[in-house]
Amino acid sequence: MRSEYTVTQVNSYIKNMFTQDFLLQGVTVKGEVSNCKYHSSGHIYFTLKDKGGAIACVMFRTDKERGGLKFAMQEGQQVKVSGKIDVYERDGKYQLYARQIELDGAGALYERFEELKKRLQESGMFADEYKQPIPSYIQTLGVVTAPTGAAVRDIINVATRRNPHIQIILYPAIVQGDQAPESIVRGIETLTRKNVDVIIVGRGGGSIEDLWAFNEEVVAQAIFDCPIPIISAVGHETDTTIADYVADRRAPTPSAAAELAVFEYDRFLQDLQDYSFTLNRAVSRKITALKMLEDRYKESLRLLSPAGRIKDRLLRLDQYQDALASLMEKKILSLRHRLDLDIEKLKGLSPLDRLKGGYSYVSDENGQNIRSIEKVKPGDKLSIYVTDGVIDATVNGTENVSF
0 MRSEYTVTQV NSYIKNMFTQ DFLLQGVTVK GEVSNCKYHS SGHIYFTLKD
50 KGGAIACVMF RTDKERGGLK FAMQEGQQVK VSGKIDVYER DGKYQLYARQ
100 IELDGAGALY ERFEELKKRL QESGMFADEY KQPIPSYIQT LGVVTAPTGA
150 AVRDIINVAT RRNPHIQIIL YPAIVQGDQA PESIVRGIET LTRKNVDVII
200 VGRGGGSIED LWAFNEEVVA QAIFDCPIPI ISAVGHETDT TIADYVADRR
250 APTPSAAAEL AVFEYDRFLQ DLQDYSFTLN RAVSRKITAL KMLEDRYKES
300 LRLLSPAGRI KDRLLRLDQY QDALASLMEK KILSLRHRLD LDIEKLKGLS
350 PLDRLKGGYS YVSDENGQNI RSIEKVKPGD KLSIYVTDGV IDATVNGTEN
400 VSF
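1 is the number that numbering that gives the first Met the number 0 gives to position 2 of the sequence shown; each next residue is one higher, with no gaps.
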């Protein structure tokens, strides 16, 4: 009979193999920093990538404070990371636990990027007070991107799915090469004259050279000067350009930009049910995860050092904080949607709306509402309220009619 193992046992066994591998306990890896996040706990999470692949990395606060990192790590930097590669058992994933991070030089394009970014930031072009809000309800969507490719298809597919009546105006821009900056600027200016509600400026992913048109100052100035809200959707989630900093909103992908720009009206009530289901499922998963955590600790106690257990718990705490913050944001959003619906219902009960529909309101000289012919007699003075004023009338007679 074949042996059967739990997921926890398999992950524990693999972690033990990594621990016993001498090479993985002291390794230096070179690559480009992406998806860098300084967590409130003091830990640093980032991805190290090159042309052929990527590896998840983390530097704990204690290693940073011991002098393991002596500069502000940012997207796009070329670095050398020294540490050990180990398994995070809960997710069954391996990652590089950094003890020392050093700069490994920077290319000419990255230096130009940093210089322009610093200059524009000092001039105030990135300031939040200049960011325009994205309208919740739009009728026309302007798009500045290449006329072919996945980016424009994704935007059109997502936008029309969310709102089949949305009007999309595409400016077919050049998004790569020497002519790209001028073409992108013309696209923004053209759609501004069209008076669209929101503009998406972007393209698909690529190298820093491919995306460089969105790092030019003329493009940044055109985005900043545009009176219409602009969503930047350049490259993939880990790509960041000057256009992302200047735009009123940054989307990680073109599809996500369409999600931000076009609101799905028919999902109001369904979203409330979905959020409730998501919350219940998250609580259930949390309880299940805690039970699995207890079992895994029992099984892996002999393999884990006290330091390893502390680090795993720190990682889980960060993930729980992020998940809780996300759930709170979703709950607040759902309550705001419900408030908007209640406001619209109250408008439908307004007596002014009844008058506008052709009805009138009749009262006597004392302001009492007249609902029956028994309340009046010939010669009584009446006031008849209609949508644009009051009619003074005198009762000549009454007639009993059954309806």
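Note that beta-carbon positions come from the ideal geometry of N, C-alpha and C, so glycine has one too.
C-alpha distance - residue i paired with residue j, whole-angstrom precision
{"i": "G67", "j": "A322", "result": "29 Å"}
{"i": "G438", "j": "N10", "result": "Only positions 0 to 402 of the chain appear in this structure, which leaves residue 438 out of reach."}
{"i": "Q272", "j": "H235", "result": "31 Å"}
{"i": "R152", "j": "F213", "result": "20 Å"}
{"i": "E200", "j": "F276", "result": "Rather than Glu, the amino acid found at residue 200 in this sequence is Val. The alpha-carbon atoms of V200 and F276 are separated by roughly 35 Å."}
{"i": "T287", "j": "D294", "result": "11 Å"}
{"i": "L345", "j": "N395", "result": "38 Å"}
{"i": "R98", "j": "Y37", "result": "16 Å"}
{"i": "N279", "j": "D270", "result": "14 Å"}
{"i": "A145", "j": "V385", "result": "56 Å"}
{"i": "S231", "j": "N34", "result": "17 Å"}
{"i": "I187", "j": "V195", "result": "11 Å"}
{"i": "D156", "j": "D62", "result": "It should be pointed out that residue 156 corresponds to Asn in this sequence rather than to Asp. Going by the C-alpha atoms only, they are around 46 Å apart."}
{"i": "P132", "j": "C225", "result": "13 Å"}
{"i": "Q73", "j": "F112", "result": "12 Å"}
{"i": "E328", "j": "Y274", "result": "11 Å"}
{"i": "D317", "j": "K310", "result": "11 Å"}
{"i": "S2", "j": "D20", "result": "25 Å"}
{"i": "A179", "j": "R185", "result": "10 Å"}
{"i": "I100", "j": "K297", "result": "35 Å"}
{"i": "V389", "j": "K374", "result": "20 Å"}
{"i": "Y319", "j": "G75", "result": "28 Å"}
{"i": "Q125", "j": "E64", "result": "Reading off the sequence, residue 125 comes out as Phe, not Gln. Straight-line Cα distance between these residues: approximately 30 Å."}
{"i": "A105", "j": "M16", "result": "Below a pLDDT of 50, predicted positions are generally treated as unreliable, and A105, at 46, falls in that range; the measurement from the model is reported next regardless. The alpha-carbon atoms of A105 and M16 are separated by roughly 36 Å."}
{"i": "T403", "j": "K50", "result": "Residue 403 lies beyond the stretch modelled for the chain, which goes from 0 to 402, so this question has no answer here."}
{"i": "V197", "j": "K130", "result": "13 Å"}
{"i": "Y87", "j": "L292", "result": "13 Å"}
Proximity to residue i [Cα-Cα], best of the options
{"i": "L313", "options": "K48, F59, L47", "result": "F59"}
{"i": "G203", "options": "A172, D177, P226, N194", "result": "A172"}
{"i": "L102", "options": "V80, G123, L108", "result": "V80"}
{"i": "L119", "options": "V6, Y244, I187", "result": "Y244"}
{"i": "I154", "options": "D196, L169, A257", "result": "A257"}
{"i": "R89", "options": "S325, I13, N395", "result": "I13"}
{"i": "I183", "options": "E3, V143, Y129", "result": "V143"}
{"i": "I207", "options": "T393, D20, E31, F21", "result": "E31"}
{"i": "V282", "options": "D317, P251, L326, Y264", "result": "L326"}
{"i": "L23", "options": "Q94, K130, K117", "result": "Q94"}
{"i": "G25", "options": "A219, K50, A150, D85", "result": "D85"}
{"i": "D238", "options": "T46, S39, L340", "result": "T46"}
{"i": "E263", "options": "R65, R160, Y4, L190", "result": "R160"}
{"i": "L140", "options": "N162, T5, Y358, I383", "result": "N162"}
Residue range of the unbroken beta strand (DSSP E) whose run includes residue i
{"i": "Y96", "result": "92-102"}
{"i": "E216", "result": "Run containing E216: none in the beta strand (DSSP E); it sits in the alpha helix (DSSP H), 216-224."}
{"i": "L381", "result": "380-385"}
{"i": "R202", "result": "197-202"}
{"i": "G234", "result": "No beta strand (DSSP E) holds G234; DSSP gives it neither H nor E."}
{"i": "Q171", "result": "Checking the sequence shown, residue 171 turns out to be Pro, not Gln. Its beta strand (DSSP E) spans residues 166-171."}
{"i": "A392", "result": "388-393"}
{"i": "V57", "result": "53-58"}
{"i": "I43", "result": "43-48"}
{"i": "L68", "result": "It is not in any beta strand (DSSP E) - L68 carries neither H nor E in the DSSP assignment."}
{"i": "G396", "result": "No beta strand (DSSP E) contains G396, which DSSP labels as neither H nor E."}
{"i": "T139", "result": "139-144"}
{"i": "D85", "result": "77-87"}
Contact belief for residue i with residue j at Cβ below 8 Å, rounded distance in angstroms
{"i": "A260", "j": "I137", "result": "7 Å"}
{"i": "E364", "j": "K380", "result": "5 Å"}
{"i": "A246", "j": "I229", "result": "5 Å"}
{"i": "Y44", "j": "V57", "result": "5 Å"}
{"i": "A242", "j": "V218", "result": "6 Å"}
{"i": "A158", "j": "I168", "result": "11 Å between Cβ atoms; not a contact."}
{"i": "L108", "j": "W211", "result": "6 Å"}
Range covered by the alpha helix (DSSP H) that runs through residue i
{"i": "D20", "result": "Element bounds for D20: n/a, residue is neither H nor E."}
{"i": "A242", "result": "241-245"}
{"i": "P253", "result": "253-260"}
{"i": "V151", "result": "149-161"}
{"i": "V28", "result": "Premise fails: V28 lies in the beta strand (DSSP E), 26-37, not in any alpha helix (DSSP H)."}
{"i": "L190", "result": "179-192"}
Environment of residue i [buried if 16+ CB atoms lie within 10 Å]
{"i": "T7", "result": "buried"}
{"i": "S299", "result": "buried"}
{"i": "H164", "result": "exposed"}
{"i": "Y170", "result": "buried"}
{"i": "G123", "result": "exposed"}
{"i": "G148", "result": "exposed"}
{"i": "I331", "result": "exposed"}
{"i": "F70", "result": "exposed"}
{"i": "D387", "result": "exposed"}
{"i": "P377", "result": "exposed"}
{"i": "E215", "result": "buried"}
{"i": "G340", "result": "It is worth fixing the name first, because residue 340 is Leu in this sequence and not Gly. Exposed."}
{"i": "R284", "result": "exposed"}
{"i": "L289", "result": "exposed"}
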